[in-house]
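**Q** Submitted below is the structure of interest, expressed as C-alpha cells.
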Amino acid sequence: MNPNGPGPTADAAAAYLTALHARLTADGCAMSSPPWNDYRVVTGCRADRKVRWFGTKTEVFVFAAAVPEADATLLGEFTVWAMSYAKSLRKGVPGARNAAFVLPALVSPRVSPEAARWAAQDARLLGTTLIGRPVTVETAPGTVRTTMYRGGTTWGGMFTKHVLEKAALYFP
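Numbering (the working numbering), first residue to last: 1 to 172.
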C-alpha cells in the first residue's frame, strides 16, 4: 500500500478519507476497500427507490483514494477503473437494473487545475445506465476544496437532485 508520504498534507488527505468513511457508513452505505494502483480506496454503495422516480431504483457508488498529487490523467484512470468496478458490482438482470451513479474522488493536498476543470466539465457515461461524476478534493493546509460537475444530464436526469444531495453529504 502507498502510505501517501509523511507530513501534515498527507495526513489531511488520510483524515478526510476517514471522515468520508464515517459519513458513508452513517448514511447506510455498504462499505468495502478494494485496492487501486496500491492505494487504499474507500468504497461505499447504497440503493434508493422513490415514488417520484416511478419505482425506479438508483444505486450510488462512491470510490475515494488519497494520492500525493491529483492530475487529469490520474483522475481519468481512476474514473474509468471506478466505473468498471461499479459495473461489476451491480446486481440484477443486465438492462433491467435501473440507473447507477459513480462518484470517483481523488483526495490530495495538490490537485492540478486541469484535474479540477476535468471534474467540473461534465458527467461521464458508461453504457446507458452508469453515470460517473468525478470529484477532486484538495486538502490544502487550512482548507478543503471540492470540485465536481453539478449540472444535469440527459441520461438519468430525474436522479440529478438525489445524486447532488448525496455528493454534498459525502463531500462537504
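We put the beta carbon where it would ideally sit given N, CA and C, even for glycine.
So, helix, strand or coil for R40, using DSSP?
**A** In this structure, R40 counts as strand in the three-state DSSP scheme.
**Q** Less than 7 Å between the beta carbons of P109 and T79, yes or no?
**A** No, the pair does not count as a contact, with Cβ atoms beyond the cut-off.
**Q** Looking only at its own chain, which residues have a Cβ that is under 8 Å from the Cβ of G7, when we skip the five neighbours before and after it?
**A** Per-residue confidence for G7 stands at a pLDDT of 46, beneath the threshold of 50, marking its modelled position as unreliable; no derived number is given.
**Q** Please determine, among C45, S84 and A12, the residue with the shortest C-alpha to C-alpha distance to D27.
**A** The option with the nearest alpha carbon to D27 is C45.
**Q** Can you tell me whether T136 is buried or exposed? The criterion is at least 16 other CB atoms within 10 Å of its CB, across all chains shown.
**A** The residue is buried, with at least 16 neighbouring Cβ atoms inside 10 Å.
**Q** DSSP three-state label for A123, please.
**A** Coil.
**Q** Between the Cα of A10 and the Cα atoms of A47, T56 and A70, which residue gives the shortest distance?
**A** Of A47, T56 and A70, the residue nearest in Cα terms is A70.
**Q** Tell me which same chain residues have a C-beta within less than 7 Å of the C-beta of A12, skipping the five on either side of it?
**A** So the list reads P109 and T139, once near-sequence residues are dropped.
**Q** Based on Cα-Cα distance, which residue from Y85, A100 and V62 lies nearest to D48?
**A** Of the listed residues, the one whose Cα sits closest to D48 is A100.
**Q** Buried or exposed: where does A105 fall if 16 or more other Cβ atoms within 10 Å of its Cβ makes it buried?
**A** It is buried - the Cβ of A105 has at least 16 other Cβ atoms within 10 Å.
**Q** What did DSSP end up calling R23 once you bin it into helix, strand or coil?
**A** DSSP places R23 in helix when its eight states are reduced to three.
**Q** State the Cα-Cα distance for the pair N37 and R150, rounded to the nearest angstrom.
**A** In a straight line, the C-alpha of N37 is about 28 Å away from that of R150.
**Q** Which whole-angstrom value describes the C-beta separation of A66 and L17, a residue pair presumed to lie in contact below a C-beta threshold of 8 Å?
**A** Sure, about 5 Å apart at Cβ, within 8 Å.
**Q** Within a Cβ cutoff of 8 Å, which residues of the same chain sit near A30, ignoring the five residues on either side of it in sequence?
**A** Same-chain partners within the cutoff: G44, C45 and R46.
**Q** With DSSP collapsed to three states, give me the class of E69.
**A** Correct three-state label for E69: coil.
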